Each structure stands twice: as structure tokens, then as C-alpha cells.
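Chains as they are written, first to last, in our numbering: chain B, 1 to 633; chain F, 1001 to 1117. In what follows, a structure is listed as C-alpha cells, so that the remarks can point back to it.
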Amino acid sequence: MSSAIDHINEQLLLLQSEEYIDRESAVKELGNYQTDEAIAGLVMSIEDPDPGIREIAADLLAKSHGSTAAQLLINFMGNEDIATRNLAAEILVKIGPETVPYLISEIDDEDSDVRKFVVDVLGLIKDKQAVDALCQKLWDENINVVCSAAEALGEIGNKKAIPALVAVYDKIEESRLPAIEALGKIGDSSALEHLYNYISSDDPMVQYAAIEALGTIGDAEAIKKLVPIMNSKDKAFAGAAFKAVVEIYLTTEGKIDFDIPMDTFAPFLFDGIKNKDKKITEFTLVRLKNWYGSDVIMGLLDVIDSADESFRNQIIDSLSQVGPSVCNYILGNFDSLTTETKLLTMEIFRQYIDQELAKKLVPLANDTDERIRTKIAHLLGNSGYTDGINTLKELAKDENGHVRAAAFAAIGWLCSEDDIDILLPGLYDPYVDVRSAAVGAMVVVGGEKISKEFYKILFEGDEIRQKLAIQALAFVGDNSAIEPLKLGLNNPDPEIRKSSVVSIARIGDESIVSSLKGVLNDEDSAVRKAVVTALVCLRREDAVEDIKYMLDDPDMWVVYHTVSAIGDFKNEDHADLILPFLNHEQDIVKIAAIKALTAMNCKRALPQIEKFLLSNNNDISEIANESFKKLKE
Amino acid sequence: MEILKREEGNVSILELKGRLDLASGGALKEAVKNIFANNKSSVHINLEKVEFINSSGLGSLVSVMKEIRLNKGRLTLSDMESYVKEIFEITQLSHIFEIYDSEKEAIESFQTESSKV
Chain B
1 MSSAIDHINE QLLLLQSEEY IDRESAVKEL GNYQTDEAIA GLVMSIEDPD PGIREIAADL
61 LAKSHGSTAA QLLINFMGNE DIATRNLAAE ILVKIGPETV PYLISEIDDE DSDVRKFVVD
121 VLGLIKDKQA VDALCQKLWD ENINVVCSAA EALGEIGNKK AIPALVAVYD KIEESRLPAI
181 EALGKIGDSS ALEHLYNYIS SDDPMVQYAA IEALGTIGDA EAIKKLVPIM NSKDKAFAGA
241 AFKAVVEIYL TTEGKIDFDI PMDTFAPFLF DGIKNKDKKI TEFTLVRLKN WYGSDVIMGL
301 LDVIDSADES FRNQIIDSLS QVGPSVCNYI LGNFDSLTTE TKLLTMEIFR QYIDQELAKK
361 LVPLANDTDE RIRTKIAHLL GNSGYTDGIN TLKELAKDEN GHVRAAAFAA IGWLCSEDDI
421 DILLPGLYDP YVDVRSAAVG AMVVVGGEKI SKEFYKILFE GDEIRQKLAI QALAFVGDNS
481 AIEPLKLGLN NPDPEIRKSS VVSIARIGDE SIVSSLKGVL NDEDSAVRKA VVTALVCLRR
541 EDAVEDIKYM LDDPDMWVVY HTVSAIGDFK NEDHADLILP FLNHEQDIVK IAAIKALTAM
601 NCKRALPQIE KFLLSNNNDI SEIANESFKK LKE
Chain F
1001 MEILKREEGN VSILELKGRL DLASGGALKE AVKNIFANNK SSVHINLEKV EFINSSGLGS
1061 LVSVMKEIRL NKGRLTLSDM ESYVKEIFEI TQLSHIFEIY DSEKEAIESF QTESSKV
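In C-alpha cells form, the structure reads like this:
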């Protein structure tokens, strides 16, 4: 124990050091103790010359939750250094309700600045223990303290303060606005009658504050008092009343017995959205249903750029529900929209795209932003508007690769087999995405003519285009693709031969089985493996007769693959083919054989598999263990 | 190809099984026509069990989508296997179709849509 006290004392001494590093480590060390001395040291450090150390000390004190810290920090309420005083207040707020009794003990300080500061801190702590003391401070001789006390009572929100606030309103003129605001924030309906009276005040500021407070309370009862004000000639009052009604509407989740005249207040609503008023924006969007006059649509388009992202998406959502006619409004104002908004509204076009709309979109293909040109290409392709091909042909020559890719894809969605000449240049584009898009477009068109083009590429094209052609032929996938794919089986490039095998397997044409069997002797092991898969895919179990020869393949992976493929049929009739591989020189093949024989439920393999239980190779012993259990069942 | 038809709320679900090509595309178009005959226009196609799809299969999906659009309906697709996804990617048809990872998500999107109106 004494060593802890010594250690704390050492740290307290270090707090006087001129070296930052000493003071910093001392503060951190003191943070580990909850003794009064350690806390006093931390409190002392909030006056350290270094802001970093002050911050560390403040954080540690805020976490201490102790009355010692509160007692000591109270002394800073009258500190002449504003930064230190504010830091002490900040810590007291963080410590929370525990500090309230200590703050109350200072609330009658002879210095009005200290009293006001204490009251402010109590308001920030928002603990109801302070209500009585703050109510008394409503009668402080200093008006600043009075106003702060009213504000603090509003922050605490306890209805016990209402009579005191009403009383101070009646007696002290300068307290009226904070008192009204506090009545609103307390949010209790018992303040309504008082606020109704204040609306009749001669002072417009008081009237305005009372209207706002009625909105803050959020009681639907107040609507009857607000409706006449909404019809006031004074726009500021009408707007304030309307805003209060909106708040009540949101607080009560729409449970108000009053039909809000949305059209009358449209400009107010749109101004609210422009000014990023969340409540107005939320209200407007909730109430948009069945309120789609042209003024509203134009208003929404006008404010869309001002709204936050989530509201922006809601606006787009609302606009998209207006129906196809909204597209004309958007197009009419398209030039005045920002690029981001243009892109968002184009999602609405996507929903309603047809030939008529496509015609109107054609001029937008010249937009300076490539993202818009890309979207236009997609929309034209999606529209079924065949005359749009001419615009797409131009976009296929665009300087931007994304636009060209979109244009080629879209041409594919619109054009027929006779138009494939338009697509061919895309295969020679320097950008891979554009080449892929052109291939994709040809796949969508499909048919014999397209297969012939790909066939030609297999002879004339370079390696990149040959691979694309093979891939595309698989997707074209009809009989016209088979002959070109057969040709691919003899291509000098093993990648192309392999792709041809995979593509043929995908198409699933059994007439090509004999050609595939010929490739079982391919010089490339990846091709041979692909043929094994393809034959199994095409002939199912009949393929075992063809692929069993691959069990003698010089490549270990081909053997592994073939053993696994035969095992997948789970037929013990094939066990004799696999049993010898339990003695294969490669462990990986032994593993494949154990798995295959287990899948076949071949109990004859048990004695040999049992021997593997003691294998030095963990992988083998684990697989053997699992297999042994299964075969024993 | 086998086409199984189910209903979930207002959405008609077609579950395709097997190969979607020239031979089976007609059956798909016919199935969608029958849906319209029953005054329904919200269609979801589950592609989970589609083993193969080619140009003609894509063509039939595009044609079905146009038909649905003409009838002011909505079409969604879901549960694409990697091969089917690949063909949708290369053809960029994902820009035309509304594609969801799962049938559940697609059906929920119809429900959200109807609750908005």
C-alpha cells in the first residue's frame, strides 16, 4: 500500500516537471488510481500549459465518476481563464448527475457570472434534481441568470417547472422568450392554455415563440389554435403556424384531425427542403402521395439538389410514382438539373422507357458527361426503338470506352442478325470492355450468321479475338456454334482448345462426343482434364468407358481428376478401376481413390484403408479415418 | 425444360428447370401469356435450376420482358447460377432486367412497390 502512495507522490512531483514527457506519463499513471490525491493531481493538470496533457487529464477525470473530482472541479466555475473554466464544465457534464449537488451548492455564488455558468452546466447535465434550485434562480437579481435558468429548465424537461416558468413570464418581461421556449421543450400539454394566451400577446416575438412552442409540444389539440394563424396575411406567422402543424403531424405520426392545405404551402415546403429543414423535408415526402400537381413536380425537381442523399432518393422514388408523365417534366427541365440529379432522374426514365420516350432522349446522347451518354445508350437499347440504332452507332464511336461499351451492348438488344456489321468494329476496339460488349451483343443477336462470323475469327483473328469467339460460341449455344467449336479443338493455342471443350460441354451436343474423345490425347494436361469433365457432362456414366484410359495418364492431376469423376457416380461396379490407385505413388491420388471408393461404398477397400489410419501423412490418415467409419457403418 | 408455376400474393412465380434455349423458349412465352390471361402482370422467374441458357433462351427472356412491359407489368429474375450470371454480364442484360440474388428479395420488392402506391 505504501508503495502505491509513494508512486502517486512521485507522479504528483513529476506534474511539476518542465518536461512534457514526464508530465504526460505522470497524468496517465495517476489515471490508474482513484485516491483523492491522484484525482487532485488530475484536476491540477487541467491547467497544464500543454493542451494535449489537459485533454488527457480531462478524459481521465470524466471517466472517474467520483465526487472528489466534482468537488474540486466546482472551484473552477469562477476561474478567470475561460478555457480552463469551460474544460472543467465539460468534465462535470461528462461525470453527470453525481456533480449536481456540488453545482447547486455554488448556485448562489456572489458573482453573477459564476451563477450563470453553474446554471448553464446544470442545463447541460439535464438532471431533474436541479429543478427546484433552477426554479428559484428564475427570480435571480441578474436577468442573464434568469434566462439561463429558464433555458436549463427547458433542457431538463420536467413539468414541475411549468408554474414557475408561467409566473416568471408574467413578472419579468425579459424572461418571456426563454420561458416560452422552455414551456415548449418541456413538452407537456398543461402548458397549452398558457401558450394560447401568449399567442394573443401584443409582442410579435412572443407570438412567434408561442407558435413555435406549440409545435414543439406536438399535441394535436393545438391544431385548432394554429389553423386560423395559418390563414394569416402575415406570411411569417402563417409559415410559423404551418411549421408548428408539421411538427405536430410528425410527432403524432399523422394523427391529426385536419386536412393540411398542401398546395397553399407548397412554396414554404420547398423552401424548407432547400434550407435542409429535416422535419419539413420528411413531412413533405410523407405527404406526397396523391399530391402530384405540376407545381409539386416542378418544386421537387427544383429542390432535389438541395436535399440530403437519403431524401434525394426518396424524392426520386416519389417522382417515379407519378407515372410516365413525369418524364416529360424532367426532360423539360433537364438542362437546369445538376449532373448527379440528371443521373438519378434517368432511373425514372428506365422505369418508363418506351419508343416514345426514347425518341425524346436522342438529343441527350450529346451530353457532355460520359455517364449520361452511357445511360442514354442503355435506355435506347432498352426502349425497343429501332431507329435509335443510328444514335447508338454514333455513341459506339464515342471517345469514352464506357460509352462505346454501352452502345455496342445496346445495339445488340435492338438489332437483328442483318445488322451485325455494326457490331464487328467493336471486336477490334482497343478496350477489352468494349470488345466484350460487342461479343455480348452478338450473343444476344445469336443465330447462324453470328456463328459464321465467329468461325471466321477463329481463322483470321488474333489470339484475343479467337478466345472471345470461342467463349461467345458457347453462349450462342445452338447447333450453328458446334462446327466452329469443333475447329477450336484443333487450335494451336491450348487455352483455346480448352475453352472449346468447355463450350461444347455447355452446349451439351452429344454428336460431338467422338470429336471430344480425339482430344483425350491432347498434349496439354489442362485440355485433357477439361475433356474428362466434358465427357462426363455429356455422357454421364457411359463416359466411364471413355475416360477410364485417362487413369493411365502421365499427369498426376489428370489421374486425380479422373478417379474423382468416376467416384462421383457412386457405383461399386467401377471399384476395380479405382482399387489399384490406393497404391499409387502420389499421396494426392491415394486420397482421391479413398474418397471415390468410400463414395462407392466399396467394403473391399476396408483392409487397405485401415492401413492408412497409421499413415505419417496427416491428410491421408484423416481421410482414411472418415472413410473407415463410413464403410464400417 | 420444366416450368413450375406458383403464386405468392399478386406475384406469379415461374421456376425454370433445365435448358433455356430455342426449344424451351416458346414454353416460357406461353406460360407468361397464361399469367396475363388470368389478369396478372407481376411475374418473377426463378433461374436457380437453369443448367444452360443460350442466345435463343436470352431472346425468349427479352421477349417475355417486352410483353410484360406492354402489359404494364413487372418482371424480376433471381437465383442465377454463375454460368447464367456470366452470360447476363457479358451481354449487359443486367441493365435491362431487374435481377435479385434470391426469390425472397424479389418478392419483397413487389410488396414494397405495392405498399408505396
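Cβ atoms here follow ideal geometry from the backbone N, Cα and C, with glycine treated the same way. Just so you know, these numbers come straight off a predicted model, no measurement behind them.
CB-CB length for residue i against residue j, believed under 8 angstroms
i               : j               : result
residue 330(B)  : residue 301(B)  : 7 angstroms
residue 505(B)  : residue 473(B)  : With a Cβ gap of about 13 angstroms, residue 505(B) and residue 473(B) do not count as contacting.
residue 526(B)  : residue 547(B)  : No, residue 526(B) and residue 547(B) are not in contact; Cβ-Cβ is about 16 angstroms, not under 8 angstroms.
residue 1068(F) : residue 1041(F) : 6 angstroms
residue 372(B)  : residue 364(B)  : 6 angstroms
residue 637(B)  : residue 89(B)   : Since the first residue of chain B shown is 1 and the last is 633, residue 637(B) is not available in this structure.
residue 180(B)  : residue 152(B)  : That pair is no contact at about 15 angstroms.
residue 438(B)  : residue 457(B)  : About 11 angstroms separates the two Cβ atoms, so there is no contact after all.
residue 280(B)  : residue 319(B)  : At roughly 18 angstroms, the Cβ-Cβ gap does not stay under 8 angstroms, so residue 280(B) and residue 319(B) are not in contact.
residue 161(B)  : residue 186(B)  : 7 angstroms
residue 172(B)  : residue 130(B)  : Contact doesn't hold; Cβ gap of about 20 angstroms is too wide.
residue 409(B)  : residue 441(B)  : 6 angstroms
residue 127(B)  : residue 100(B)  : 5 angstroms
residue 41(B)   : residue 15(B)   : 6 angstroms
residue 273(B)  : residue 284(B)  : 6 angstroms
residue 1016(F) : residue 1047(F) : 6 angstroms
residue 62(B)   : residue 95(B)   : 6 angstroms
residue 413(B)  : residue 388(B)  : That pair is no contact at about 10 angstroms.
residue 599(B)  : residue 576(B)  : That belief does not hold up - the Cβ atoms of residue 599(B) and residue 576(B) are roughly 15 angstroms apart, past 8 angstroms.
residue 1078(F) : residue 1106(F) : 5 angstroms
residue 317(B)  : residue 276(B)  : Going by Cβ atoms, the distance from residue 317(B) to residue 276(B) rounds to 19 angstroms, so no, they are not a contact pair.
Beta-bridge pairing of residue i - partner residues as DSSP gives them
i               : result
residue 646(B)  : Given a span of 1 to 633 for chain B in the structure shown, any question on residue 646(B) remains unanswerable.
residue 1020(F) : 1053(F)
residue 1008(F) : 1011(F)
residue 1003(F) : 1016(F)
CB contact below 8 angstroms: residue i versus chain A
i               : result
residue 1087(F) : This model lacks chain A altogether, as its protein chains are B and F.
Report the residues of the region 472-506 of chain B with a CB closer than 7 angstroms to any CB of chain F, ordered along the chain. 475, 476, 477, 478, 506
Would you list, in sequence order, the uninterrupted alpha helix (DSSP H) runs of no fewer than 4 residues that lie entirely inside the region 25-63 of chain B? 36-45
Along the region 445-462 of chain B, what residues have a CB closer than 9 angstroms to any CB found in chain F? Listed by position, the residues of the region 445-462 of chain B near chain F (Cβ gap below 9 angstroms) are 445, 446, 447, 450.
Indicate whether the contact test is met: 3 or more Cβ pairs, each with one atom in the region 239-256 of chain B and one in the region 214-231 of chain B, closer than 8 angstroms. yes
Where in the region 512-558 of chain B do unbroken runs of the beta strand (DSSP E), each at least 3 residues long, occur, reported from the N-terminal end onward? none
Across the region 608-615 of chain B and the region 624-631 of chain B, are there enough close Cβ pairs to call them in contact, namely three or more that are closer than 8 angstroms? yes
Taking any Cβ of chain F, which residues in the region 369-390 of chain B have a Cβ under 7 angstroms from it, in chain order? 378, 382, 384
For the region 1005-1026 of chain F, enumerate the residues whose C-beta is nearer than 9 angstroms to any C-beta of chain B, in chain order. 1019, 1021, 1022
Positions along the region 393-416 of chain B whose CB lies within less than 7 angstroms of some CB in chain F: Those residues of the region 393-416 of chain B that come within reach of chain F (Cβ to Cβ, closer than 7 angstroms) are 409, 412, 413.
Identify every run of the beta strand (DSSP E) within the region 178-210 of chain B, keeping only runs that are complete inside it and at least 3 residues long; order them along the chain. none
Can you give me, in chain order, the residues of the region 305-318 of chain B that have a beta carbon less than 8 angstroms from any beta carbon in chain F? 317
Of all the residues that make up the region 1043-1068 of chain F, which are near chain B by a beta-carbon distance shorter than 9 angstroms? 1051, 1052, 1053, 1054, 1055, 1056, 1057, 1058, 1059, 1062, 1066
Ignoring anything shorter than 3 residues or poking outside the region 407-474 of chain B, list the beta strand (DSSP E) runs there in chain order. Taking only runs of at least 3 residues, no beta strand (DSSP E) segment lies wholly in the region 407-474 of chain B.
Report the start-end ranges of each alpha helix (DSSP H) in the region 1031-1113 of chain F that is 4 residues or longer and not cut off at the edges. Those alpha helix (DSSP H) runs which fall completely within the region 1031-1113 of chain F and span 4+ residues are 1055-1070, 1082-1090.
Along the region 261-278 of chain B, what residues have a CB closer than 8 angstroms to any CB found in chain F? none
Looking at chain F, which residues of the region 423-447 of chain B have a Cβ within less than 8 angstroms of any of its Cβ atoms? 436, 437, 439, 440, 441, 443, 444, 445, 446, 447
Output the residue ranges of the alpha helix (DSSP H) runs that lie fully inside the region 235-271 of chain B and measure 4 residues or longer, sorted by chain position. 235-251
Three-pair Cβ contact test at 8 angstroms for the region 1089-1097 of chain F versus the region 408-428 of chain B: Per the Cβ contact rule, the region 1089-1097 of chain F is in contact with the region 408-428 of chain B (3 or more Cβ pairs under 8 angstroms).
May I ask you to list, following chain order, the residues of the region 502-533 of chain B that have a beta carbon less than 9 angstroms from some beta carbon of chain F? 506, 507, 508
Please identify, using Cβ separations under 9 angstroms, the residues of the region 1091-1107 of chain F that lie next to chain B, in order along the chain. Listed in sequence order: 1091, 1092, 1093, 1095, 1096.
Threshold first: 4 residues or longer. Then list the alpha helix (DSSP H) segments lying entirely within the region 315-345 of chain B, N to C. 325-332
Say whether the region 197-213 of chain B touches the region 224-231 of chain B, bearing in mind that this needs 3 or more beta-carbon pairs closer than 8 angstroms, one atom from each stretch. Yes, since at least three Cβ pairs between the region 197-213 of chain B and the region 224-231 of chain B fall closer than 8 angstroms, the two stretches touch.
Mind the definition here: the region 1060-1075 of chain F touches the region 484-493 of chain B only if three or more C-beta pairs lie below 8 angstroms; say whether that holds. no
Fully enclosed by the region 561-608 of chain B, which alpha helix (DSSP H) runs are 4 residues long or longer? Qualifying alpha helix (DSSP H) stretches, in chain order: 575-578, 587-599.
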